[in-house]
Amino acid sequence: MAKRRLRELVIRREWCKGCGICVALCPKQVLELDGEDKSVPARPEDCICCRMCELRCPDLAITVLTDEEEGDGA
Amino acid sequence: MAKRRLRELVIRREWCKGCGICVALCPKQVLELDGEDKSVPARPEDCICCRMCELRCPDLAITVLTDEEEGDGA
Amino acid sequence: MARKVRFVQGNEACVEGALYAGLSFYAGYPITPSTEIAELLAERLPARGGRFIQMEDEIASMCAIIGASLTGNKVMTATSGPGFSLKQEAIGYACMAEIPCVIVNVQRGGPSTGNPTHVGQGDINQARWGTHGDHNIIALTASNHQDVFAMTVEAFNMAETYRTPVVLLFDEVIGHMREKLLVPEPGELPLVERLRTSVPKDVDYHPYLPREDGRLPMSDFGGEHRYNVTGLYHDMWGFPTSNPKMVSELLRHLIDKIDNRVHEITRHKEHFLEGARYVLISYGASARSAIHLARERRARGERIGVIELQSLWPFPREMIREKCREAKAVLVVEMNMGQMLAQVRAAVADPEKVFLANRVDGKLIAPADIKQVLRVIQGRGV
Amino acid sequence: MARKVRFVQGNEACVEGALYAGLSFYAGYPITPSTEIAELLAERLPARGGRFIQMEDEIASMCAIIGASLTGNKVMTATSGPGFSLKQEAIGYACMAEIPCVIVNVQRGGPSTGNPTHVGQGDINQARWGTHGDHNIIALTASNHQDVFAMTVEAFNMAETYRTPVVLLFDEVIGHMREKLLVPEPGELPLVERLRTSVPKDVDYHPYLPREDGRLPMSDFGGEHRYNVTGLYHDMWGFPTSNPKMVSELLRHLIDKIDNRVHEITRHKEHFLEGARYVLISYGASARSAIHLARERRARGERIGVIELQSLWPFPREMIREKCREAKAVLVVEMNMGQMLAQVRAAVADPEKVFLANRVDGKLIAPADIKQVLRVIQGRGV
Amino acid sequence: MAIQDYIRQRFFPHLWCPGCGHGIILNNLLHAVDELGLAKNDIVVTSGIGCSARISGYVDFHTLHTLHGRALAFATGVKLSRPELTLIVPMGDGDALAIGGNHFIHAARRNIDITAIVMNNRIYGMTGGQFSPLSGPGILATTAPYRTIDPNFDVVELARAAGATFVARSTTYHALETIDLLKRAISHKGFAVVEILTQCPTYYGRKNKEGEAAEMIERYKHITAKIGSKALEENPALIPRGVFVEVGRPEYCEAYEEVIVRARQEVAA
Amino acid sequence: MAIQDYIRQRFFPHLWCPGCGHGIILNNLLHAVDELGLAKNDIVVTSGIGCSARISGYVDFHTLHTLHGRALAFATGVKLSRPELTLIVPMGDGDALAIGGNHFIHAARRNIDITAIVMNNRIYGMTGGQFSPLSGPGILATTAPYRTIDPNFDVVELARAAGATFVARSTTYHALETIDLLKRAISHKGFAVVEILTQCPTYYGRKNKEGEAAEMIERYKHITAKIGSKALEENPALIPRGVFVEVGRPEYCEAYEEVIVRARQEVAA
Amino acid sequence: MSGWRLVFSGSGGQGVITAAILLGEAAVIHEGINAVQSQSYGAAARGGATRSDIILADEAIDFPVVTEPHIVVCLTQEAYTSFAPEIRPGGTLLTDTRFVKIAHRVDARQIELPMYETVLREIGKPIVFNICVLGALIGLADLIRPESILKAIAHRVPADFIELNTRAFHLGFELGLPLRR
Amino acid sequence: MSGWRLVFSGSGGQGVITAAILLGEAAVIHEGINAVQSQSYGAAARGGATRSDIILADEAIDFPVVTEPHIVVCLTQEAYTSFAPEIRPGGTLLTDTRFVKIAHRVDARQIELPMYETVLREIGKPIVFNICVLGALIGLADLIRPESILKAIAHRVPADFIELNTRAFHLGFELGLPLRR
Ligand SMILES: Cc1ncc(C[n+]2csc(CCOP(=O)(O)OP(=O)(O)O)c2C)c(N)n1
Ligand SMILES: Cc1ncc(C[n+]2csc(CCOP(=O)(O)OP(=O)(O)O)c2C)c(N)n1
Ligand code: SF4
Ligand code: SF4
Ligand code: SF4
Ligand code: SF4
Ligand code: SF4
Ligand code: SF4
Ligand SMILES: [Mg+2]
Ligand SMILES: [Mg+2]
């Protein structure tokens, strides 16, 4: 598998309920809850694009856009 | 187990429906259906008191009385 | 005559009617005295490419036909009292979600396991009120096999027209008795087919938005329109809502779509009714005895007539009121403790003149039983 | 005051009443808005040596309480519309086999899944006719927590007295609202205990042979008398029969044991009724709004009164006819499409003066809603 | 006692057809009860609806003839409210596993001390010969004129998976085994299932040309084999007979007694 | 497509509580559907009643929100009448195995081509935290103030015994596995069951002091292990994950097609 | 013909109901007259006496239950005991000599015929006993034309068995015809 | 006292309903006056705005729904948006400064108090926020005696927590009392 590089960590603020799952389970502590209890990518540079935050978000609030997906327009 | 001897093959005629199970499955062909399709002990002398006819009669019509059971009054 | 003459049980007449109407999916669970319907359809449906499934119980059967109706099939299930009780929750679902389907109840003696191989007509009120919550229902019946056939066809037609479950309330005598049936030729009886939406693909389709004529066009599951179906109160797309206005409007729609069309929906027959001073009101097998008696008395010049109800719900209140106006006495002839009697009493101007001629012992009510009530009414003792 | 004052939900008042009455076995399946009843009993019953079981569904719950009643327990189950539909078959069994038991239905908006967290009063007719076949039923209700308690006790008393299932028809508002409850001291309310046979061991006991006063003494399963219980028509020993005479007699017994005691069984309250020209008939949470309005209007000197029904079935026909005789108009105030309205219309001498003040949108009917109907009746528009 | 002393003799001859295996199960059950020396007043027999269910009318115990499929739910109420009683619940295959399937698995899950007897004739006898969830594929039935396509449950596997702590199988041919298994099942503390293969000559037999009752019953000798037998080893297509599960797990009513104890403690505290 | 294209976005944010595992199952299901490249018009999602059942309202397929416990019965009608559709039936643990237990085992027995997803949070979420048949003994629930005594079903064993031809288990923690299992289950011809352990922080979590959603979900890492893994071997108390059953047996709708062929032949003859 | 009310009775396996249905089919389909047939269900049918009622008439048949039957056919002793007493005065009671012992006289024509014996002797297959009974009945009483019954039989039984049934019918017919009045 | 109609509103975890119940309990059990309390159920309660209605009165309370509340308490912005507009002209609107930003004036007395902050600062446990709100309310409006509420609290919470709750109540009471009219 080609190593993926993060393009963007899309987080739909209105959908995020601040459950903290993505924050707690990110292997690289990339994410944090902000003052309004919304998830934000605090350290995007550490992201290894494992997509676990995306797949475990109960609110479909996260999409991890990587370089390979560029043409996809997702 | 003590060898049992037949005292009487009690068949409740009114209960017997003539299904023929006892007749067909008696290991010694002791039983027969009579003209009114009721089971009768045709050859009681051959009976080995295995009680299978009693236990397999769907109509509870047969009781195999053996000598050991004498005191029982069943 | 070109039409096929048959000598069949009422249950078979029902099967013939259902197939004539286009039944293509049946799910059921056996129960006396309806079982022949399932047995015949197990044979007939696959032979014409339809599907028959014996489910694990009556609840599942009712659910399965609702599912199959949504894919565009004409569907039916058949049962008797105990099974009819079990189906009630899902019948309410079909009312709420407006799913066309036909439920046959061949009545036996109730309550509970009751008198399973004997006749009864005790499920009339249950057909109306068996499921929880306000709702409305259409229930049809018949007293002879030609009518069993015709009313079965009507049941399918009404289910499609009004997007609603329709109950066919037969009884053990009708279900099991054999008599003549002339199977109509194709085309002879009108059939109502599923009204499908004309909304094109990719245009917003509203499964619960009635057209101007009140009908709600459907779209088959698996087709071009994806929508939601639910037993909750819902909006015009089928999505849940508890908005008070929408809740109230939907409920009133469910009630009104039937109550506002009582004249269109109800069916009855009149036998020797002109100038009748004694009016017998009856239905199902009981009606045969009522007709028997009226025929006999008319031959003697007595003015006795019969209103035979072919539909039980919605109750044809105005018709009954009208037709009973001139009657000296009205006898409701039925095999229960007076379920239709209560309706008739509530309908007529003078409830005191309405009497019950009934029998609830598992035997078909006989002309002699009605005669006895008549004698009493006429002050001639028993 | 010595009695314990509590501030509780109606569901808790029901639990307190049931325990006061001697409830010792509960089986149920959770459903909004009745669930608190199960939850409270899960805690309370074992603490007093009783038993609580959460069954796999409502059908099983109903069956389990019947089984437990036969061993001599006072039993109850609680549910709401969908579960009440599922219980219908087994409720009919309890009618037929004459098993004392109490079924609580805390009503929500129906039909089907409907409007689950909102109030409704749509299961009134279902309580009467939900199971198949002719039968009879007692149904009680209440509009405040003191009455919830009292009527729950009554339900157990009547279940024992008449050997019959008794339905408690509450509604979401009553179930969930909190208000004052004074728990009576032991002995303060009369309790009817299980009437057990005095037939000695080894003497033939007839579980279905009424005494002269009409009551049928019972014998606990596991006790000295072995007998049969069935949902089929049965003889006085409880063994199945389809003998027409016995069938008819048993059914008439089931109907008559309640219909012949309407005066004994029915309960109502009168609020400001003396000389009322406008009579409001209501029950459950709706009655609170009716009383509110009447209280307000009486203060202004208007002659408006309320008949609050505390029992719904059997319907107190004669009482209603009597009390409404002098009224100029009768308003039935309820949260359905007119289920009690139909009963009232059938009861009174002049049905044209009976009107419906209802609300079916999941909101509690308000005094203002009734006022509006009153205005229209009085020709004062909307 | 004679087994005839355990029945309500006035209903005999009973209503089952000539040769119906249900009578043999009644016969064997009474022997089991007799050999266990149980008192009639301590036994409650609960049945549903079906030919099989008639059994409750014939036995002279406390008898509760309930609704189709619901016998175990009623029995649960009886047992939990009076745990000292012995509960026996004979059921037809449709009764137990079609409409009654849910109560079956839940009673097993709870491990409530009830003996469930599945009188498996692979057909709905009472309603005249429709297939059941135990018929299996390829048979003829009134609702399967082109032969069944429905696979059957393996009652033993289902009961085991659901949590039954005693599971056994016998046939009407193997009367002695049946008596033994019923004795063990009734004595077992917990939910016990005994499946008994039984003949319905009237519907299953006639439709599927299996011959008269005697022929049908003898067939069980050939199509089954004891667990652990050579025959079974050599021919795994045979239906195994014997005890499949016999384990100890907390029984439901006993566990509930502890709930009562805990509840009383908390209230006292 | 992005998975957001498979949902009805106007209902988002959805109604599930913060951290509810049901959302993760929705998430993973959409990925599975996307990766399989299924067309939205070919999928029918049928659900019962429960928090879990809300899932049908969110997905942009043909959706049928039915009655508590009955989703599989409705789905059977849809599938048999239109076998070319892909049927997915997500259910709560109560929905699937309390009130719906009978439909579950019968759908498995028939081996009808439906994918059943058991969203197992071991609690009745929607009604506020009563125990379910999957809670197991020793937990706290609103109807078990003294802790449960009810044993739980093993869904895998029950599905297997009833006849399911694909049976698997995953958790909301193991999202990639879940997606993979769902893909295999949906592709499987026959009745497929995927049990997914999922957290209800609001009721189960709070009552049983299992912490917030993140803590609950992480627990799945520790209490489960892959089938065949060393961890499982060393600690059989762990809950196994993976595929337990994957066999071929005639599928019900296909078998019915043959009934149609036979019936037509007989009519023609 | 103005109307016949008949009762067929016997035990489960004797084909009593089939005989009644055949008579009805023949009447309705092949003679264009009306018929209704009904039968007892339930436990009684599973061992005890089976009964099938049939009414034939030119005009409409409303009440389908047979009271005061013109003809009662009894093929077992139990059926005879139960149903023979219902016969209409002056009616016809047909019994089989093998199965029924006539106990006491009723106000009807009592005809005992050796139908079972004849079938057994001439054909050897008891399965067509009911068809023989039907033949005897049609012989005795001019209910409908024999051809109509034979057509109904031909429609119901597999081709291979038509011959057998036809023979049984004629055997019965021959027994009955001489007694026709 | 002739009757108070109150609305408590906020979000799921804030203890809004408990506060309402405590008020009712205090009134009914410890002051012998009447009270009815009701609340919203369903999906709304699972995330959205929660609302509890309470009516206190000397006489019987028939209609239990609050319309034109004398007092509305809002503990979230969403609750404020939904329910504040219902207030009876001249009534009292109590909001928490941390959670609610007052948007526009209504014809009522608007009181913003830093209840949450106070609790957090003085006690450090947000769990007793609702009790502080209750204290503020009783301080503001002379609904019932503080002792009655404290008795109700003592009856409901575990012994170890009574102290904590009492402190929270007093903190609120102190905030509210100065504003009593
Ligand atoms: C709710 C309900 N559905 C259906 C029936 C009809 N019914 C009675 S017994 C039976 C099945 C009998 O089969 P089984 O349980 O195998 O018992 P058997 O007669 O074969 O012993 C059915 C479907 C019923 N009585 N109640
Ligand atoms: C017939 C019926 N009984 C009960 C209910 C109430 N009810 C709704 S959902 C539910 C259980 C929900 O639990 P589960 O299936 O585990 O789903 P979850 O909410 O946990 O996702 C119950 C008991 C109902 N709606 N219908
Ligand atoms: S997992 Fe999703 S909902 Fe939860 S905090 Fe992260 S982005 Fe928000
Ligand atoms: S993709 Fe992986 S590393 Fe990147 S933020 Fe998400 S969980 Fe963390
Ligand atoms: S087994 Fe019983 S019923 Fe059958 S023939 Fe023998 S004695 Fe008679
Ligand atoms: S006891 Fe055995 S040998 Fe004797 S008759 Fe019976 S079956 Fe035959
Ligand atoms: S029909 Fe079958 S199961 Fe029923 S009694 Fe007859 S043989 Fe037995
Ligand atoms: S209550 Fe539990 S299952 Fe329901 S949405 Fe909330 S967390 Fe999920
Ligand atoms: Mg069977
Ligand atoms: Mg759950």
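Protein chains in written order, with this note's numbering: chain A, 407 to 480; chain B, 407 to 480; chain C, 3 to 384; chain D, 3 to 384; chain E, 9 to 277; chain F, 9 to 277; chain G, 639 to 819; chain H, 639 to 819.
Beta carbons are placed, not taken as given, at the ideal position from N, Cα and C, and that holds for glycine.
All of these numbers come straight from a predicted model, not from anything done at the bench.
Of all alpha-carbon atoms in C:A348, C:F86, C:D136, C:E156, the one lying nearest the alpha-carbon of E354 of chain D is that of C:A348. Around D162 of chain E, the beta-carbon contacts reaching into chain F at under 8 Å are A169. Ligand 7 has no heavy atom closer than 7 Å to the beta-carbon of W421 of chain B.
Within chain F, the residues placing a beta-carbon under 7 Å from that of E165 of chain E are A169, ordered along the chain. At a C-beta separation below 7 Å, R227 of chain F has no neighbours in chain E, since its nearest C-beta there lies roughly 24 Å away. Counting the other CB atoms within 10 Å of its CB gives H265 of chain D a total below 16, which places it among the exposed residues. For L190 of chain F, the enclosing alpha helix (DSSP H) has its first and last residue at 183 to 195.
Checking the DSSP bridge columns, you'll see S89 of chain E has no partner listed. For H22 of chain F, no chain D residue has a Cβ inside 7 Å of its Cβ, as the nearest lies near 18 Å away. For the segment 49 to 60 of chain D, the beta-carbon criterion of a distance under 7 Å to any beta-carbon of chain F is satisfied by Q56, E58, D59. Excluding residues up to 5 positions away in sequence, Q312 lie with their Cβ nearer than 7 Å to the Cβ of D149 of chain D in the same chain.
Excluding residues up to 5 positions away in sequence, G24, E162 lie with their Cβ nearer than 8 Å to the Cβ of E195 of chain C in the same chain. Boundaries of the alpha helix (DSSP H) around A15 of chain D: 12 to 23. Taking 7 Å as the cut-off, one finds at least one heavy atom of ligand 7 near enough to the beta carbon of G133 of chain E. Judged by DSSP in its simplified three-state form, Q345 of chain C adopts helix.
DSSP lists no beta-bridge partner residue for S87 of chain C. In this structure, P246 of chain D has its beta carbon at no less than 7 Å from each heavy atom of ligand 5.
Around L72 of chain C, the same chain offers F223 as residues with beta carbons nearer than 6 Å, after the five sequence neighbours per side are excluded. V436 of chain A and N129 of chain F have their C-alpha atoms roughly 28 Å apart. With a contact defined as Cβ atoms closer than 8 Å, F174 of chain F and L105 of chain F miss out at about 18 Å.
Judged by DSSP in its simplified three-state form, C425 of chain A adopts coil rather than helix or strand. For Y260 of chain E, the nearest beta carbon of chain F is closer than 8 Å to its own beta carbon. Using beta-carbon distances, C432 of chain B does not count as an interface residue toward chain E, since no partner is under 8 Å. Inter-residue distance for I107 of chain F and Q56 of chain D is about 11 Å (C-alpha atoms, whole angstroms). Annotated three-state conformation of L211 of chain D is coil, per DSSP. Residues of the same chain with a CB within less than 7 Å of the CB of L358 of chain C, apart from the 5 flanking positions on each side, are V334, G340, L343 in chain order.
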